[in-house]
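Q: Chains as they are written, first to last, in the working numbering: chain A, 1 to 522; chain B, 1 to 358; chain C, 1 to 311; chain D, 1 to 321. Backbone N, C-alpha and C fix where the C-beta goes; we use that ideal spot for every residue, glycine too. Take this structure first; my questions come after.
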Amino acid sequence: MSDVQTLQQGRSDGAALAIELRGISKSFGPVQANKDISIQVAKGTIHGIIGENGAGKSTLMSILYGFYKADAGEIFVGGQKTAIPDSQAAIAAGIGMVFQHFKLVENFTVLENVILGAEEGGLLKPSLGKARKLLGQLAKDYEMDVDPDAVIEDLSVGLHQRVEILKALYRQADILILDEPTGVLTPSEADHLFRILKGLRDQGKTIILITHKLREIMDITDTVSVMRRGEMTATVKTRDTSPEQLAELMVGRKVLLRVDKVPATPGKTVLEVENLRVRDAQGVERLKGVSLDIRAGEVLGIAGVAGNGQSELLEVLGGYATGDGVVRLNGQAIDLSGRYSDGRSRRASGIAHVPEDRQREGLIMDYHAWENTGFGYHHDPAYSSGIFMNNRALKQDTIDKMERFDVRPPNPNLQAKSFSGGNQQKIVVAREIERNPDLLLIGQPTRGVDIGAIEFIHKQIVALRDAGKAVLLVSVELDEIMALSDRIAVMFDGQIMGERLPSETNETELGLLMAGVQQGAA
Amino acid sequence: MPKWVDILLIPLINLALALFVSGLVVAYIGENPFEAVAILVKGAVGSPYGWGYTLYYTTNFIFTGLAVAVAFHARLFNIGGEGQAGLGGLGVALVLLALPWPHWSIALLAAMVGAMAFGAFWAAIPAYLLAKRGSHIVITTIMFNFIASALLVYLLVNVIKVPGSMSPETARFGVSLPNANDVLPWVGFPRSTPLNVTFVVALLACVAVWVLIWRTRLGYEIRAYGHSEPAALYAGISPVRIIMVTMLISGGLSGLMAINAVMGEAERLVLDPVQGAGFVGIAVALMGRSHPVGVFLAALLFGMLYQGGAELEFERPAITREMIVVIQALVILFTGALDNMVRSPVERFFVNLNKRAA
Amino acid sequence: EPGLIIDLGGKFDKSFNESAFNGAQRWVAETGGEYVETELANEAQREQTMRRMAERGANPIVVLGFANASALSEVAPDYPDTNFAIIDVDWLGDLPNVRQIAFSEHEGSYLVGMMAAKASETGTVSFVGGMDVPLIRKFACGYAQGVLAANPEATVIANMTGTTPTAWNDPVRGAELTRSQISQGADVVYAAAGGTGIGVLQAAADEDILSIGVDSNQNFLHPGEVLTSMLKRVDNAVYDVFSAGAEGFEAGVVRMDLSNRGVGIALDGFNEAIVPFSMLSEVYAAADQIVSGGLTVHDYTSDDSCPVLTF
Amino acid sequence: MDLLGVLQILDSTVRMATPLLLACLAGLFSERAGIFDIGLEGKMLMAAFFAAAFAAFTGNVWIGLLAAIAASLALSLLHGLASITFRGNQLISGVAINFLAAGVTVVIGQAWFDLGGRTPALEGAGRFQEVTLPFADALAPVPVFGPIYAELISGHSPLVYVALLFVPLSWWVLFRTRFGLRLRAVGENPAAVDTAGVSVVALRFYAVGICGVLCGIAGAYLATGLAAGFVKDMSAGRGFIALAALIFAKWRPWYALYACLLFGFLEAIGNRFQSIELLGIAVPSQFMQALPYILTVVILAGFVGKAIPPRAGGEPYVKER
Ligand SMILES: Nc1ncnc2c1ncn2[C@@H]1O[C@H](COP(=O)(O)OP(=O)(O)OP(=O)(O)O)[C@@H](O)[C@H]1O
Ligand SMILES: Nc1ncnc2c1ncn2[C@@H]1O[C@H](COP(=O)(O)OP(=O)(O)OP(=O)(O)O)[C@@H](O)[C@H]1O
Ligand SMILES: [Mg+2]
Ligand SMILES: [Mg+2]
């Protein structure tokens, strides 16, 4: 039936079609990522695609971009049946894509990344020169300036994504696919991005936007398709729908879109941080004298643009960066010198840590789920006795956790990498929260996670807090901060710009603080 | 895909391909390939005599193979097996020449300590330089192979040689290990078969390594570090500790190889006691996918090639020892590097089979 | 039928093993007989191969090189009816079925040393050894003594190629060592380094200095540029053992030296032009003295030391 | 030591460094493209044999060179087939190639020449002759510069100059051309190249191809430049030293030159001062022979520090699990 619906859509607003997919199917070994999917996208529109983690969004788009080959199905570009065996063909057909996991060469400059594959002639100089000019132009047109000679690994993720978009525009794509672009952006960056997208649409370009954030869908898309378990469940006009309806279409049940929590009842102080300073490997000071405290039963939210010291704060508290200053946990000073500061002793002292980057730090992607369940806690007598690991106990515990946290598929013997983003995150959160720590450090808890899982993870955080534990929440998602925090501290350039109560502040004020603007009030 | 296909059928097809190509080479120099293969197989496993040598070589390769495999789990490429085993030999010699040992069992234990200590020591320096200075382990271990051989030559020619004898080798050790014939008289191993109790030690080493890697906490940490250093840090696993410990174990295993070659077979330390087993160990570990069972099977395969090859060479003068090297190379190539050439089609075949079945 | 076990160096090392092989071939050519032959591939095979030969019924069996000494002392007693001959070994005590054939390389080297000193204009001559083992030091020490006997003022530069077995097969390194010696004034170089020696003689020829071959006659390699070769008649030793056969076999220690033409210098059409009569007569004189016992050349391996050379 | 002595050592340095440099640059192209190659040794050996064999057949060293390149190229393509097409383990493939070369050279050599794997000694046009640069003789008398020019700079085999030319050339190709950009990219992040619409497989095959050609030249230089014929195992571990030099150079052309010159220099020193006395005690010659390797470790640990290989190195490019 979904097909019928789509086709009607296609006809009813009679606009020319930029893209039409017919009966696309794709499976990775046992996993059927896409099942007979058909979809139409009208020229000059912004078309949203939403769906749970693992629904098959990225796969579908990767097929359109020629990164994967479909097992079956046809692709029409501008009404023409087009074979897209590889990305070359997609680019030729005017399709550009910004991947969920960026495809940049880390130690190349912005310029080199932009021209890669689109060079003119055998020598670099001319191409680079031309690209430099064109980049300047684009930068003006879309206010997307980025230093063309900066090396990618030195740039923030926000800028990485900017480079990816520039890559696509440089190749004169008139169909632009963005896969979860705002997952790594601050609200202001996101708004900026949307202004750009609107601008592009008004020039007649077509945009396909994958996101987990219903607000964004409602804000800027014209039509939206919903995917579920590899199938296309519906395609509707945005103005005819509502977040609640979309959420239901997506998850298959009613979803609570806002966190409901009783007012906090803070107890004794759990964490005291005084004048904490951290230098990075290059000796640059990343934390410039941070002081804060968290009490039992409250959530302190750290708002801030990525790269302003939040990561370093988590790392030093989590025990794998050194610093100086004073940090007390339940009154006990903990070591920052590096001598007794490592993940193990931190855990022993009652600190649990959900790292910002689950794939790089939180999990061993090649370990089975059950091995990851004990990761960091492998010294715990429950998991190991003497020099040996107790694998049976680990597996059993994993099965229980998977059941309680509704990890899908609930199979402890799958490798971490074969779970989708949301479910990977659930594995980490389950591991850390179920330690029932005095202090939970949690960074970007819902980055790239679907609303079903978001709802669940938020519930867990609140539950932990209500159990009288202290939570330090770092997130670039302002509304997440607003929704969960009992107090909000804003970080900018390695310092705390100020503290606010959610009830007494608003996104604009926080936005200003995040930008380092300190106004007289409060 | 059924498991037996994965661990049995595919390797066998690979092996067959390797032998086929080898056959072509043999035919090229005008020998009958089928006879050649027959002699090779019969020579390797056709008699207790053959088994004696096959398993003797296997023992060497198990140790050097395990050494490389263990390091691999921590993403450390230890190609210093040659030097570490050589030093292990030195350790064995020093221990055994130091005292008159009352009984072989005590001597064996002492020699094992000596072998592991010296092997581990030779691995420890590159490990430390990597852990503390980030010096690339591949370079340092290569260099330490050369340095080890220089050291051995110096000692054998100037220091621990038997005076008056022209050959740069130590005196014979007082003790000798019971060989297969002493232990299992009824099997019919020749009195002088080189296969000795060290083989049992090697099997125990396989089990120990399996336990270490997949059952102990240390193994869990080693693999974690191998997969992702940032994650290891997050979990409170110290890279320096893992690098050091892993390389010490790896070097110790290499060193143990000397128990078989120096104490068990030569019963004295000769020039170049390792005879390239260190490098074969790399191939063995890679082909065995760094798993003790795989290492054992790969080592056995190479043991058979060594012994069968020696017989073949003896029976067919036209077939030189280099021809045997060619055959070994082809086996490594087909069973190791070109694995997917066979695997993917076979896999597809079975997937379709299941599809049709379903 | 007799048997021959070629050592690790390989049948065509242009020196020791090759010389043995030639001896066997000569026996074949002259007697039309047959013999069993095999090449060792690694240490562990020494004992293995001897036993295989013995079990196959080969008799007598010739093994080459000191490295086999220890293995042979194990094997021989197990096959009392088989006769063994081992080259370069004389310290195995009395084994009833073993013929130990040792060469006086130091004597031959002494003679070529004298020639080198005579031929040298710079008064500096050199030596390139393969791997640094006592046997090679024996060559070097005899050579140095000869040089200094002929010219007490002369300097001898002695180098070894390396410390791994590749030292026997590294002509590139050999050539490089030779060039380095030439730059230090050497104008005659003596190579006792197996396959590496090929590079030494080559470099000498390229740089237009004289070289001295070893073991088998290598004069032909660079006619007119190889002063001579220190012959070590392993071929004769093998030939004799083969000809004597199982019946005529004699156990015990045999010394092959100048007196029985076991070692010597090579003179042929390739080098007669560059070996003046005066030089020859002196060399022969010295040879006679050595044979008559009037002159003794120090043997490094007798006490692991060399009076005129430090290693 | 006088100027000539110094010059001789430097001269020897250049000769010893050349095969290392060629092999090192070969490895550089391959590994920059993400294909690790511990088969340099084998490729050099194979090339050395074919160079000598065909030079012996035809008496023409250039044909020998072509044969060497062809042989080494064949092994490279085998490596590519295993590690690129069939996504096999690059280390295994390299090990196999080393074994293969060690065996095949002798087996074929024996079949062709019946000299136990050696080739006949080459002379005349069968070898690379030293080229005397213009005015070498004329300038020789000039103090200092004269000898330096005549002894050190002039009078090497053409391949030496070829090798030296390859350094700036490689640098230029890698860092100044489209091909170089893509090649480095495919070694860092093949997915980026793939999504940019460029074939990862093709790029990597080009890279191993170049690697093959350079190893071919290196081998030819060993057998027909430095030596006058092939002797089994004559590469004598130089492929591994080249690998070390490559890591030493952090995968960069100019540094590769410096690294190889350093290794060559250490070897020359080791050859020159084999038996020396320090404070009256004779230093064991074995120590002097090990010195290059000891110094390498010291320098590496003391001054070079961490070398980060191309990020995608060693991993076959697999899109779909
Ligand atoms: N390269 C791959 N190999 C094997 N399986 C894959 C691959 N890529 C995706 N999958 C699987 O296909 C399914 C769809 O994945 P996909 O990334 O398209 O989901 P998604 O909708 O993008 O999820 P998310 O919202 O987390 O990005 C998932 O089960 C995923 O595990
Ligand atoms: N001091 C120097 N002398 C000679 N060559 C140099 C020097 N510094 C750099 N080079 C060479 O110039 C080229 C570019 O140098 P650079 O170090 O910037 O490379 P890069 O762009 O950093 O390479 P990578 O891609 O590895 O980062 C390299 O080939 C390098 O070897
Ligand atoms: Mg996705
Ligand atoms: Mg996904």
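What does the alpha-carbon distance come out to for the pair D:LEU183 and A:GLU153?
A: Mapped onto the fourth sequence, residue 183 of chain D falls at position 183. Mapped onto the first sequence, residue 153 of chain A falls at position 153. Between D:LEU183 and A:GLU153, the C-alpha separation is close to 19 angstroms.
Q: Using a Cβ-Cβ cut-off of less than 9 angstroms, give me the residues of the region 135-150 of chain C that come near chain B, in sequence order.
A: Under the 9 angstroms Cβ criterion, the region 135-150 of chain C contributes LEU135, ARG137, LYS138.
Q: Along chain A, in chain order, which residues have C-beta atoms closer than 8 angstroms to that of D:GLU188?
A: Numbered from 1 along the fourth sequence, position 188 holds the residue referred to as residue 188 of chain D. Per Cβ cutoff of 8 angstroms: VAL105, GLU106, ASN107, PHE108.
Q: List, from N- to C-terminal side, the alpha helix (DSSP H) runs of 4 residues or more that fit wholly inside the region 55-115 of chain B.
A: Complete alpha helix (DSSP H) runs here, min 4: 81-98.
Q: List the residues of chain A whose Cβ lies closer than 8 angstroms to the Cβ of B:ARG215, in chain order.
A: Looking up residue 215 of chain B in the second sequence gives position 215. What B:ARG215 touches in chain A: PHE388, MET389, ASN391.
Q: Kindly say whether C:PRO165, judged by its beta-carbon, lies nearer than 9 angstroms to any beta-carbon of chain B.
A: As a first step, residue 165 of chain C must be located in the third sequence, where it is residue number 165. True, the Cβ-Cβ gap to chain B drops below 9 angstroms.
Q: Does the pairing of the region 95-110 of chain B with the region 119-126 of chain B give three or more beta-carbon distances under 8 angstroms?
A: Not touching, per the Cβ criterion.
Q: Please name the residue or residues paired with A:ASP293 in a DSSP beta bridge.
A: For the purposes of this step, residue 293 of chain A is identified with residue 293 of the first sequence, where counting begins at 1. According to DSSP, which records beta bridges pairwise, A:ASP293 is partnered with A:GLU272.
Q: Tell me, please, whether the CB atom of B:ILE13 is closer than 9 angstroms to any CB atom in chain D?
A: Within the second sequence, residue 13 of chain B is the residue found at index 13, counting from 1. It does not; no Cβ of chain D falls within 9 angstroms.
Q: Quick one: using the 10 Å Cβ neighbour count with 16 as the cut-off for buried, is B:TYR28 buried or exposed?
A: For this step, residue 28 of chain B is matched to residue 28 along the second sequence. Label assigned to B:TYR28: exposed.
Q: Locate the alpha helix (DSSP H) running through A:LEU329, then write down its first and last residues.
A: Here residue 329 of chain A refers to the residue found at position 329 of the first sequence. Unbroken run through A:LEU329 is the beta strand (DSSP E), 324-329; no alpha helix (DSSP H).
Q: Among D:ALA268, D:LEU181, D:MET234, which one has its Cα closest to the Cα of D:ALA33?
A: Numbered from its first residue, the fourth sequence carries residue 33 of chain D at position 33. The shortest Cα separation from D:ALA33 among D:ALA268, D:LEU181, D:MET234 belongs to D:LEU181.
Q: Closest by CA to D:ALA125, which one among D:LEU139, D:PRO141, D:LEU115, D:SER157?
A: Mapped onto the fourth sequence, residue 125 of chain D falls at position 125. Selected option, being the one with the closest Cα: D:SER157.
Q: Would B:LEU177 and B:GLY52 be called neighbours here (beta carbons separated by less than 9 angstroms)?
A: As a first step, residue 177 of chain B must be located in the second sequence, where it is residue number 177. As a first step, residue 52 of chain B must be located in the second sequence, where it is residue number 52. No, these two residues do not count as a Cβ contact at 9 angstroms.
Q: Using the C-alpha atoms, what's the distance from C:GLY269 back to B:GLU315?
A: By 1-based counting over the second sequence, the position of residue 315 of chain B is 315. By 1-based counting over the third sequence, the position of residue 269 of chain C is 269. So the two alpha carbons sit approximately 41 angstroms from each other.
Q: Per DSSP, C:MET53 is paired with what?
A: Here residue 53 of chain C is taken as the residue at index 53 of the third sequence, counted from 1. C:MET53 pairs with nothing; no bridge assigned.
Q: Whole angstroms is fine: what's the gap from B:GLN328's alpha carbon to B:LEU305's?
A: Counted from its first residue, the second sequence places residue 328 of chain B at position 328. Counted from its first residue, the second sequence places residue 305 of chain B at position 305. Answer to the nearest angstrom: the Cα atoms are 7 angstroms apart.
Q: Taking DSSP's pairing of strands, which residues face A:ASP527 in a bridge?
A: What is shown of chain A runs 1 to 522, which leaves residue 527 of chain A out entirely.
Q: Measuring only the C-alpha atoms, how far is A:GLY318 from B:ALA231?
A: By 1-based counting over the first sequence, the position of residue 318 of chain A is 318. By 1-based counting over the second sequence, the position of residue 231 of chain B is 231. A:GLY318 and B:ALA231: Cα-Cα distance of roughly 12 angstroms.
Q: Cβ of A:HIS212 versus every heavy atom of ligand 1: is any distance shorter than 8 angstroms?
A: Counting from 1 along the first sequence, the entry for residue 212 of chain A is found at position 212. Yes.
Q: Compare the beta carbon distance of D:ILE92 and D:PHE265 with 9 angstroms and say whether it is the shorter of the two.
A: The residue labelled residue 92 of chain D in the question sits at position 92 within the fourth sequence. The residue labelled residue 265 of chain D in the question sits at position 265 within the fourth sequence. No; because the gap between Cβ atoms is not below 9 angstroms, this pair is not in contact.
Q: Less than 7 angstroms between C-beta atoms, sequence neighbours within five positions excluded: which residues of the same chain meet that for D:PHE326?
A: Residue 326 of chain D is absent from the model: chain D starts at 1 and stops at 321.
Q: Below 8 angstroms, how does it come out for the region 281-289 of chain D and the region 43-55 of chain D: are there three or more Cβ pairs, yes or no?
A: Judged by Cβ distances under 8 angstroms, the region 281-289 of chain D makes no contact with the region 43-55 of chain D, as fewer than three pairs qualify.
Q: With C:ILE265 and C:GLY108 assumed to form a contact (beta carbons below 8 angstroms), what rounded beta-carbon distance in angstroms separates them?
A: Mapped onto the third sequence, residue 265 of chain C falls at position 265. Mapped onto the third sequence, residue 108 of chain C falls at position 108. C:ILE265 to C:GLY108, Cβ: 7 angstroms. Contact.
Q: Along chain A, in chain order, which residues have C-beta atoms closer than 9 angstroms to that of D:VAL193?
A: Start at 1 with the first residue of the fourth sequence, and residue 193 of chain D comes out as number 193. Per Cβ cutoff of 9 angstroms: LYS103, VAL105, LEU116, GLY117.
Q: By alpha-carbon positions, which one of B:ASN14, B:LEU24, B:PRO2, B:LEU9 ends up nearest to B:GLY336?
A: Here residue 336 of chain B refers to the residue found at position 336 of the second sequence. Of the candidates B:ASN14, B:LEU24, B:PRO2, B:LEU9, the one whose C-alpha sits nearest the C-alpha of B:GLY336 is B:ASN14.
Q: Any Cβ of chain A within less than 9 angstroms of the Cβ of D:ARG379?
A: For chain D, the structure presents residues 1 to 321; residue 379 of chain D sits outside this window and is missing.
Q: DSSP has C:SER229 in a bridge; who is on the other side?
A: Locating residue 229 of chain C in the third sequence gives position 229, where the first residue counts as 1. Partner(s): C:GLY213.
Q: Are the region 227-246 of chain D and the region 34-48 of chain D in contact at 8 angstroms, needing three or more beta carbon pairs?
A: Yes, they touch.
Q: Under 8 angstroms by Cβ, that's how I've got B:GLU267 and B:ARG172 pegged, so tell me the actual separation to the nearest angstrom.
A: Taking the second sequence and counting its residues from 1, one reaches residue 267 of chain B at position 267. Taking the second sequence and counting its residues from 1, one reaches residue 172 of chain B at position 172. 5 angstroms between Cβ atoms; contact.
Q: What does A:ASP86 reach in chain D if we use C-beta pairs closer than 9 angstroms?
A: The residue labelled residue 86 of chain A in the question sits at position 86 within the first sequence. Result: ASP194, GLY197, SER199.
Q: List the whole-angstrom C-beta distance separating B:PHE296 from B:ILE62, where the pair is believed to meet the contact cut-off of C-beta under 8 angstroms.
A: If you number the second sequence from 1, residue 296 of chain B lands on position 296. If you number the second sequence from 1, residue 62 of chain B lands on position 62. B:PHE296 to B:ILE62, Cβ: 6 angstroms. Contact.
Q: Could you spell out the range, first to last residue, of the beta strand (DSSP E) harbouring C:GLN100?
A: The count along the third sequence starts at 1 and reaches residue 100 of chain C at position 100. First-last of the beta strand (DSSP E) with C:GLN100: 98-103.
Q: Taking C-alpha atoms, which residue in D:THR58, D:LEU3, D:GLY5, D:ALA70 lies nearest to D:ALA218?
A: Locating residue 218 of chain D in the fourth sequence gives position 218, counting from the first residue. Measuring from the Cα of D:ALA218, the nearest candidate turns out to be D:ALA70.
Q: Among residues of its own chain, excluding the 5 on either side of D:TRP254, which ones have a beta-carbon nearer than 7 angstroms to its beta-carbon?
A: For the purposes of this step, residue 254 of chain D is identified with residue 254 of the fourth sequence, where counting begins at 1. Contacts found: VAL167, TRP171.
Q: Would D:SER93 pass as an interface residue toward chain B - the criterion being a Cβ-Cβ separation below 9 angstroms?
A: Counting from one through the fourth sequence, the residue named residue 93 of chain D turns up at place 93. Yes, because at least one Cβ of chain B sits closer than 9 angstroms to the Cβ of D:SER93.
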